[in-house]
Amino acid sequence: MEGRNRPAMSRRGAWTRVHVLLAATALTAAAAPAVAQDATWLANPGSNVLSTANNWSGGAVPTGTATFGASSTTSLIVSADQSLGGLYFAAGAPAYSFSRQDPSDLMQRIRLTGVGLQAAAGADYTLNLDRAGLNFYNSASTGSVTINAVNSLLYFYDNSTAAASRILVSGGTAYFYGNSSAGSVALTLDNGAVQFEDSSTAANAIITTQNSTAIWFFDSSSAGSAKITTAGQLRVGNTATLSNATLDLAGNTTFGGQSSAGAATITNRRAGWVDFNNDSTAGQASILNLGAILFSDQSSTGTATIDNRNYLSMRTTNAGAGLILNSGTLLVSGYFGTGGLGQTTVVNTGSMTLISAASGQGATIDNRGQGTLRFSFGTTAGSAIINNAGTTTFVDNATAGSATINNTGRLRFQDDASTGTATITSASRIEMATTDTKGAATITLRSGGALSGHGAVGNTTVQSGATFAPSGGTLVVNGNLTLYAGGTYAFAPGGLTTATGTATLGGGNLSFKAVSFADQSHTVLTAAGGVAGTFTLLGDGAVGSIVYNPNDVQLTVKGYRAGTALAGQGGRNLAHVAAVIDRVIDATGTQPGFIPTSLIGVTGATLATQLSRLTGEAGTGAVSTGLTGASTFLGIMLDPMAGARGATANAPGSSLIEMADIASVRTPAARVEAAWSIWTKAYGQAGRTASDTGLGAAGSASSLYGVAAGADRLVAPGLVVGFAVAGGGSSFGLGTRGSGSGDFAQIGAYGSMRLGPGHVSAALAYGWNRFDVTRDVSGFGLTETYRSGPVGHTFGGRLEAGRRFGLGQFGLTPYAAAEAIAYVAPGYRESWDMPATGAFALAYAGRTTGTLRAELGARADALVASAETGDLLAFSRLAYAVQSNTQRGAEAQFQTLAGSTFAVFGARASTHTALATLGVEARFRQGFAASLALDGEVGDRHRALRGSVALRQSW
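Numbers -36 to -1, 1 to 919, taken from mature numbering (1 follows the signal peptide of the UniProt record, and there is no 0), label the letters of the sequence shown in order.
Encoded structure:
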């Protein structure tokens, strides 16, 4: 084989000797004087051997231009080393092919030393090579001829060029030597190879590979501005460069020697693997990495920009000064104990890890957002500048070195990692859990910054709004600790600060929490150089005392009390539960049996959330629902517009509407002689009550539905008496604090007296109410469900008086009413099913409560006669109501804790309420009536809406 085909980049091997021999032969031939002779391949040659004289015009083998036109023989054999000035293919020439007579004899070749390949103007000509050799010398060119080279060798020497041809190399190799150029060739490799050596260049070529291929650049060759797409091998060695090429790589790419990626634009696909070895460099390239890239030995990123979206490994001692945009995985490892990032700039939003004694050296690392940066296994941050807005971790025996770290994210030191002599400024978290005691980093905690844990740091400054919080061991300050006013020293038992210098407290805050149900004393800090100044105590509600000694500070913390820790959060209900816990602690000196140690230190809103499920507030829902049902039943019995149980006129009719001027309005219904009436009404009601911040009570939703029925009789002129019964169901819900549903039965009596145009009415009622209440309790490590079945009894009465003012078929009746209801319930207990423990189960005491309500309003009516068969009545009401004793409460006790009685309250009912009614009633000749009504209530704390339908028969 002619040329320097290199299977390995580090040496030329035996093929170099072949190349020297062939080159010497070529020079010897070139030195001999000759006169170029042109000839044309015959139309009917005697054979297909290129070197046979009788096959050519003039009877001699050409040494100048060999012209090929129409011929009966187009598959030609090269049997010798044939030197020509060029090959010209005339217009209409068929596709010629060249092959070696002996495929193993590389000296059977065509050498072009003149113009190279030419085709007739405008011709799109294809030359086929099959196990052939075609060499270009001097300034020879392929022109625009298409070369289809199968298992063949193409050589370009001197200043020769592949020009603007199209070349397909299948199973062979194209070589470029000297100052040769690929020109703007469209080169396709299929199981072939292309090799650039000496000072050759790929120029503006478009190189595309298929199947197993290889592209090599050696010596000082260049990829020029070529466009290269390959899934095969790409080798760049010696001082070769990819220059300004554009490369799309999906195979294995290796840089060796002192080669460079130049200023190339490189896309490394997911299947691609790029190795920079020896002293190679990424130059000024722009690299998009979707696969894998490895820097090793003395290789360098140069000043390249690498957008790493998959895997990038740096195991080099000469990292360069490139820019790495890492959203994938970046691994930096030491090389025989050395190596690191050099002057590289890294913008990290992915995963970045330094291992095996690697160093951040003088890099600038911008660790953003979700980015993770990890130093481990003896690594150091060196003198790097680290801007951390993500998570940066030092583990094992890693150290921050002398780095400058600006932390607005999460900075962690673990195992035996050290803060070194770094300069760390933090407006966010620094978490330490190390055994190191030598670290001496200078720490400045700005507003929002917090240093917590144990380990070692140097001079530390805690500015206003920052927190210094030793915990889990000793935090050694190898230097001075300085707090400013507004800065916080957060003390936690088990955490101690020891300063080798001074501790200047500066009026900074000392925050602490109770850690036991009993009083405890602690050493807060020690300072070998002395303690200066005092703290401002922030005890999280715990009462503490403090003693300042020359070299230490002592703190006494009162035992945990839930009431103090609650700090006014959650209202009266939670305060009552907290008081129960504290009462037991104070009485016994120990924690209550059902309260775990985990409660200690829980304060404010967090504690309020824990206690809110324990209040048993669901027990108050039965009271509210029972009172609402009793009031509804009393109102139904005395409604004068829908059902005729109001004031009855002396006339045969029985409702207030009959007080109209019967001279002007004489309806068919008014002519019914009514002594008895029976009636029924179905109704449904829904309401919501707002939460009560002062009580700490949840808002509730309730519903009520039922059917009432009754009978009444006109026992004397103007006097009606009757009775009624009702039954139905109810429900209520308090969100996460419990819910209930129930049944009720009611019985009542009523009467109404007509006093001219006015009336006085009264009703009495008793109600039986049974509820199924469920309460889910979670907290303190338990999640349990408790059930109860409270029974309540209601006793109520209503008195109403009014006067109607009529004008024809229209009327207005102002009225006033008073209502009193009592709710009486015996005690009951919650139950539970195994495996629940019943730790938070409650027992409720018997309770009697009542409420008074006054109403003032007016009813309006309008009557329309409908021929001789009936009449239609429209009615409405607007009223104002005021209610006393709006609290709905219960008295409870934890079943597992003696002496734990407390009061719990539900959200208060409305004190002031606006009432409205809108309805219609149809009356017929035979004493039958039907009505529809809609009642609404709008209070300062609740909303309710009720719909009803009623039927009545009078005779």
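Beta carbons: idealized from backbone N, C-alpha and C, even for Gly.
Item: DSSP beta-bridge partners for E901?; Value: L879, A908
Item: Could you name the residues of the same chain whose beta carbon sits closer than 6 Å to that of A784, not counting the 5 residues immediately before and after it, in chain order?; Value: G761, L816
Item: Using the Cβ count rule (16 or more neighbours within 10 Å means buried), how would you classify P681?; Value: exposed
Item: Near Q851, which residues of its chain fall below 7 Å by C-beta distance, leaving aside the five closest residues on each side in sequence?; Value: F869, R872
Item: Name the residue from A765, F259, R739 whose alpha carbon lies nearest to the alpha carbon of A726.; Value: A765
Item: For the beta strand (DSSP E) holding T777, just list the boundary residues, first then last.; Value: 774 to 789
Item: Would you report the Cα separation of A665 and G863, rounded to the nearest angstrom?; Value: 33 Å
Item: Note the first and the last residue of the continuous beta strand (DSSP E) segment covering T466.; Value: Where T466 is concerned, there is no enclosing beta strand (DSSP E), given that its DSSP letter is neither H nor E.
Item: Would you check if the distance between the CB atom of L439 and the CB atom of V421 is smaller than 9 Å?; Value: yes
Item: By a C-beta neighbour count over all protein chains shown, 10 Å radius and 16 as the cutoff for buried, is M798 buried or exposed?; Value: exposed
Item: Under a three-way DSSP split, which group does I621 fall into?; Value: Residue placement at I621 is flagged as unreliable, the pLDDT there being 43, under the threshold of 50; the coordinate-derived value follows with that caveat. Of the three classes helix, strand and coil, the one that applies to I621 here is helix, per DSSP.
Item: Helix, strand or coil for L915, going by three-state DSSP, please let me know.; Value: strand
Item: With a CB to CB cut of under 8 Å and the five nearest residues on each side skipped, what residues in its chain are close to G853?; Value: T584, V587, R811, T813, A867, V868, F869, G870
Item: Can you tell me the Cβ-Cβ gap for S144 and S164, rounded? I've got them flagged as a contact below 8 Å.; Value: 5 Å
Item: Which one of R376, Q174, F160, P754 has the shortest CA to CA distance from W152?; Value: According to the sequence shown, residue 152 is Thr rather than Trp. Per the Cα distances, Q174.
Item: Could you tell me the boundaries of the beta strand (DSSP E) in which R751 lies?; Value: 746 to 752
Item: Counting Cβ pairs closer than 8 Å, one from the region 899 to 913 and one from the region 646 to 658, do we hit at least three?; Value: yes
Item: Using C-beta distances below 7 Å, list every residue in its chain close to N253, excluding the 5 sequence neighbours before and after it, in chain order.; Value: N232, I270, D271, N272, R273, N274, L276
Item: A880 and R841: beta carbons closer than 9 Å?; Value: yes
Item: Taking just the CA atoms, how far does T570 sit from L489?; Value: 29 Å
Item: Since G358 and R376 are thought to touch, with beta carbons under 8 Å apart, how far apart are those beta carbons, to the nearest angstrom?; Value: What sits at residue 358 in the sequence shown is Phe, not Gly. Confirmed, Cβ separation roughly 7 Å.
Item: Could you tell me which uninterrupted alpha helix (DSSP H) segments, each at least 4 residues in length, are contained entirely in the region 534 to 578, listed from first to last along the chain?; Value: 535 to 552, 568 to 576
Item: Given this structure, state the Cα-to-Cα distance separating I319 from T424, to the nearest angstrom.; Value: 29 Å
Item: What three-state label does DSSP hand G266 in the structure shown?; Value: coil
Item: When you compare the CB positions of F735 and L806, do they come within less than 9 Å of one another, or not?; Value: no
Item: What do you reckon, are the CB atoms on I394 and S416 nearer than 9 Å?; Value: yes
Item: Go to G590, then tell me how far its alpha helix (DSSP H) extends in each direction, as first and last residue.; Value: 583 to 601
Item: How many angstroms separate the CA atom of A362 from the CA atom of F339?; Value: 6 Å
Item: Using 9 Å as the threshold, is the C-beta distance between L896 and S912 below it?; Value: yes
Item: Relative to the C-alpha of S244, which residue among N733, L728, N202 is closest?; Value: N202
Item: Can you tell me whether R234 is buried or exposed, with buried defined as 16 or more other CB within 10 angstroms of its CB?; Value: exposed
Item: Determine the DSSP secondary structure at T383, reduced to helix, strand or coil.; Value: coil
Item: Any idea which residues DSSP pairs M278 with across the strands?; Value: F259, V296
Item: Under 8 Å, with one C-beta from each stretch per pair, do the region 509 to 517 and the region 532 to 543 reach the 3-pair mark?; Value: no
Item: Would you call T561 buried or exposed, if buried means 16 or more other Cβ atoms sit within 10 Å of its Cβ?; Value: exposed
Item: When you compare only the Cα positions, how much space is there between F341 and T552?; Value: 53 Å
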